[in-house]
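Student: Here the protein sequences come in this chain order: A and B.
With my numbering applied, the first sequence corresponds to residues 26 to 359, in that order.
With my numbering applied, the second sequence corresponds to residues 26 to 359, in that order.
There are 2 protein chains.
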Amino acid sequence: MPKKSGSSIRLAHHPCVYSFAAVVGSKEADGPMGKYFTHTEQDPMLGQKNWEQAETRLQQMALQDALHNGCLQQDELDCIIAGDLVNQCTSSTFAARRTAVPFLGVYGACSTMAEALLIAGMLTDAGFTRYAAAVTSSHFSTAERQFRFPLSYGGQRTPTSQWTCTASGAVVVSSQGNLPRIVGGCIGRIVDLGVTDATNMGAAMAPAAADTIFRYLRDTHTKPEDYDAIVTGDLGNIGSPLLYELLGKQGIRIRDVHHDCGAMMFNEHSQDTHAGGSGCGCSASILAGYFLPQLRDGRLHRMLFAATGALLSAMSSQQGESIPGICHLVELTA
Amino acid sequence: MPKKSGSSIRLAHHPCVYSFAAVVGSKEADGPMGKYFTHTEQDPMLGQKNWEQAETRLQQMALQDALHNGCLQQDELDCIIAGDLVNQCTSSTFAARRTAVPFLGVYGACSTMAEALLIAGMLTDAGFTRYAAAVTSSHFSTAERQFRFPLSYGGQRTPTSQWTCTASGAVVVSSQGNLPRIVGGCIGRIVDLGVTDATNMGAAMAPAAADTIFRYLRDTHTKPEDYDAIVTGDLGNIGSPLLYELLGKQGIRIRDVHHDCGAMMFNEHSQDTHAGGSGCGCSASILAGYFLPQLRDGRLHRMLFAATGALLSAMSSQQGESIPGICHLVELTA
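1) In this structure, does DSSP put B:C305 in helix, strand or coil?
2) Does the segment 187-205 of chain B come close enough to the segment 301-318 of chain B to have 3 or more Cβ pairs within less than 8 Å?
3) Near A:D1, which residues of its chain fall below 8 Å by C-beta distance, leaving aside the five closest residues on each side in sequence?
4) Report the start-end ranges of each beta strand (DSSP E) in the segment 58-146 of chain B that is 3 residues or longer and not cut off at the edges.
5) At which residue ranges does the segment 226-268 of chain B contain complete alpha helix (DSSP H) runs of 4 or more residues, listed in the order of the chain?
6) For the alpha helix (DSSP H) containing B:L320, list its first residue and its last residue.
7) Can you name, in chain order, every residue of its own chain whose Cβ lies under 6 Å from the Cβ of B:L148, other than the five neighbours on each side?
8) Output needed in chain order: residues of the segment 135-149 of chain B with a Cβ under 8 Å from some Cβ in chain A.
9) Can you name, in chain order, every residue of its own chain whose Cβ lies under 7 Å from the Cβ of B:T63, other than the five neighbours on each side?
10) Whole angstroms is fine: what's the gap from A:P27's alpha carbon to A:I34's?
11) Taking the continuous alpha helix (DSSP H) assigned at A:F45, which residues delimit it?
12) What do you get for A:E346, buried or exposed, if any count of 16 or more other CB atoms within 10 angstroms of its CB means buried?
13) At a Cβ threshold of 8 Å, is A:E77 touching chain B?
14) Once DSSP output is grouped into helix, strand and coil, what is the label at B:I311?
15) With a threshold of 16 other CB atoms inside 10 Å of the CB of A:K52, please say whether the residue is buried or exposed.
16) Please report whether the beta-carbon of B:A121 lies at a distance below 8 Å from any beta-carbon of chain A.
17) Is there a Cβ of chain A sitting closer than 8 Å to that of B:F239, yes or no?
18) Between which two residues does the beta strand (DSSP E) carrying A:C352 extend?
19) Using CA atoms only, rank isn't needed, just tell me which of B:I238, B:E80, B:D322, B:D244 is closest to B:S166.
20) Quick one: any contact between the segment 255-266 of chain B and the segment 281-288 of chain B, if contact means 3 or more CB pairs under 8 Å?
21) Determine, using beta-carbon pairs with one atom in the segment 235-252 of chain B and one in the segment 135-152 of chain A, whether at least three such pairs fall under 8 Å.
22) Identify which residue in B:S308, B:F239, B:E293, B:H299 has its Cα closest to the Cα of B:Q275.
23) Within 8 Å of any Cβ in chain A, is that where the Cβ of B:V126 sits?
24) Would you call the segment 115-123 of chain A in contact with the segment 102-111 of chain B, where contact means no fewer than 3 C-beta pairs closer than 8 Å?
25) Confirm, please, whether the CB-CB distance from A:P40 to A:V198 is below 8 Å.
26) At the level of alpha carbons, what is the spacing between B:C307 and A:T224?
27) Could you tell me the distance, in whole angstroms, from the CA atom of B:L317 to the CA atom of B:P205?
28) Does DSSP put B:T224 in a helix, in a strand, or in coil?
29) Once you ignore the five residues that flank B:R280 on each side, which residues in its own chain have a CB closer than 7 Å to its CB?
30) Name the chain B residues that come within less than 9 Å of A:T115, Cβ to Cβ?
31) Establish whether the CB of A:G213 and some CB of chain B are separated by less than 8 Å.
32) Could you tell me which chain A residues have their CB closer than 8 Å to the CB of B:V131, listed as they occur along the chain?
33) Buried or exposed: which applies to B:T221, given that a residue is buried once 16 or more other Cβ atoms fall within 10 Å of its Cβ?
34) What is the DSSP secondary structure of B:T298, counted as helix, strand or coil?
35) So, helix, strand or coil for B:F174, using DSSP?
36) DSSP state of A:V160, grouped into three classes?
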């Protein structure tokens, strides 16, 4: 039976990342990571009638591509674990409603892929599922009009703001298969240091990332240099230095192995995306498009995937609430 | 290691329902179940500045009461698994933000307690958690203004509509303890038969309840009469007969052992609640307030808790979408 080690989790049977896929929009495809994604959609509406249906379609495509990459049929899945940013997570539930696959809805804002992947890993490790899919999505236009302004308003964006990615990632976890493997993880705690600026979510999330990474390194008696990559998503260009500062106070220096999915997604100089990418699909698509292939091909051997989420709503900000952050972590090995 | 049985789940180590609590508002306390709840709050604002903060407070109180009933300290919890109906689940995340307990956010609309309890059961059964809390809440006023109309508008409610309960339930699952025990469960599939009437959610959810209950009975080779109670939440007075009809077509008659939390919560004749109660807190509070004590005291021996959710948003209804339903199930024994 797997045992707890401090507040971190070890998976005794090392479930396998069986297959995966990343689908993104055209702006994401134009960025520095563009060539790595499984599939690019040029039409931001994906042929649908509204933005919410477009995001639903994006998530369906990511799961279909992941199943196809693993030569799996949909009915071989024991569970879909999915979430997104849209109110009541309808992108995920509507994407799954024609599948007839058991479904667990999860919500961790932009940390959702790490939460879903960790739950998929635990359920598969314990034998409750043979094939479990972790799926998340975001769409610039669904997020922009829900959290910020009507798209046609053309509001000015602050320098600290991040750009919600039009992207979806799907990862199928299985008890069978070879590489990469999920060996452990850490369920995030909610950390709120009182940041109230909803246009600076990197600052709101960095303390949660520091808390989770610190706890995992402590519980596993490892150091940053034991990993080829410690990947956060999505602290962006503002949140990442704050993470270095917070961990630095604990005597931990991760800068040499750190990558942030939000900072990787766009060219900040040419793409007008300010502090970087964000959204449930950002870290999910970079994990599935860029990092998992590197683990599969042996170019990376050991990495931490620590996705971060800002747990605000449009209403909570209007009510003057500060922004709680959370960061879930998954350790992957080749 | 626990094994899958069809699409249902058996928990090999029978984790224990260690402690629990239910906190409700004054209207719920005035209903036929009033005397069973742990705690009643007369002030619908719970001393807070807005309805969302009031719901957050309700959830904090339910967890505190459950911990107190189990003589547990908060820091003994390995995980809180929580969700609610408010956009981005802020009632749950804000309730947990001062706890420093690892947190998994889940979303299953009014089925959330069954989803959270099933995940808590699986993680504890597998040894990932020693104490895991499943917590959900709803508040009439947060739901009404988010999903329907401003409270001051005074809109007329249709005969099929349900009344969102001001209620929260918390259940702590542990590998240690005596009774009651979680022995199995079934992760719900999303079922959408095309119901588009957002004021008739019982009809939208009944097909999902029928699907999950049918699958669990089939997979476990059991019949309704093998259980002292098959409890749904919240089909209400419209959805319950539809469930009988759908299961009847499969040759399954559950009427003699069936109870519905939505139908139990209010007196439909004197409380003007129309088709019954609803909300993440409805089935959670009746489970924790009424059914779990009966299992603990040996008055019930074996029951199914099958909470249902309508996976709509205000926007999805406005966009003409039908309402997907889901039903997660947990089997409990004394």
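Where a beta carbon is used, it is the ideal one built from N, C-alpha and C, also for glycine.
For clarity, every value in this text was computed on a predicted model and none was experimentally measured.
Tutor: Answer, in terms of the structure:
1) Judged by DSSP in its simplified three-state form, B:C305 adopts helix.
2) The segment 187-205 of chain B vs the segment 301-318 of chain B: in contact.
3) Residue 1 of chain A is absent from the model: chain A starts at 26 and stops at 359.
4) Qualifying beta strand (DSSP E) stretches, in chain order: 64-66, 104-109, 128-130.
5) As far as the segment 226-268 of chain B is concerned, its whole alpha helix (DSSP H) runs of at least 4 residues are 226-245.
6) Looking at the DSSP string, the run of the alpha helix (DSSP H) that includes B:L320 is 317-321.
7) If we look at B:L148 and ignore the five residues flanking it on each side, its Cβ neighbours are T154, A157.
8) Listed in sequence order: E140, I144, M147, L148.
9) Taken in chain order, the residues that qualify are A46, A47, V48, D90, G314.
10) Because A:P27 sits at a pLDDT of 36, beneath the cut-off of 50, its placement in the model cannot be relied upon, and the point is left open.
11) No alpha helix (DSSP H) contains A:F45, which is instead part of the beta strand (DSSP E) from 41-50.
12) Classification for A:E346: buried.
13) Under the Cβ criterion of 8 Å, A:E77 is counted among the residues facing chain B.
14) Three-state result, B:I311: helix.
15) Per the 10 Å Cβ criterion, buried.
16) So yes, B:A121 belongs to the interface.
17) Answer no: the Cβ-Cβ gap between B:F239 and chain A never drops below 8 Å.
18) Annotation: the continuous beta strand (DSSP E) that includes A:C352 extends over 350-358.
19) The shortest Cα separation from B:S166 among B:I238, B:E80, B:D322, B:D244 belongs to B:E80.
20) Touching, per the Cβ criterion.
21) No, the segment 235-252 of chain B does not touch the segment 135-152 of chain A.
22) For the residues B:S308, B:F239, B:E293, B:H299, the minimum Cα distance to B:Q275 belongs to B:F239.
23) The beta carbon of B:V126 falls within 8 Å of a beta carbon belonging to chain A, placing the residue at that interface.
24) With the cut-off at 8 Å, the segment 115-123 of chain A and the segment 102-111 of chain B do not touch.
25) The beta carbons of A:V198 and A:P40 sit closer together than 8 Å.
26) Across the structure, B:C307 and A:T224 are spaced so that their CA atoms are roughly 36 Å apart.
27) Roughly 7 Å separates the two Cα atoms.
28) In the structure shown, B:T224 falls within a coil segment according to DSSP collapsed to helix, strand and coil.
29) Within the same chain, Cβ atoms closer than 7 Å to the Cβ of B:R280 are found at Y269, the five residues on either side in sequence being excluded.
30) Here the neighbours are L336, L337, S338, M340, S341, E346, P349.
31) Taking 8 Å as the threshold, the shortest C-beta distance from A:G213 to chain B falls below it.
32) Simply L129, G130, V131, Y132.
33) Classification of B:T221: exposed, given that the 10 Å Cβ count is below 16.
34) In the structure shown, B:T298 sits in coil (DSSP, three-state: anything other than H, G, I, E or B).
35) B:F174 falls in the coil class under three-state DSSP.
36) Here A:V160 sits in strand by DSSP.
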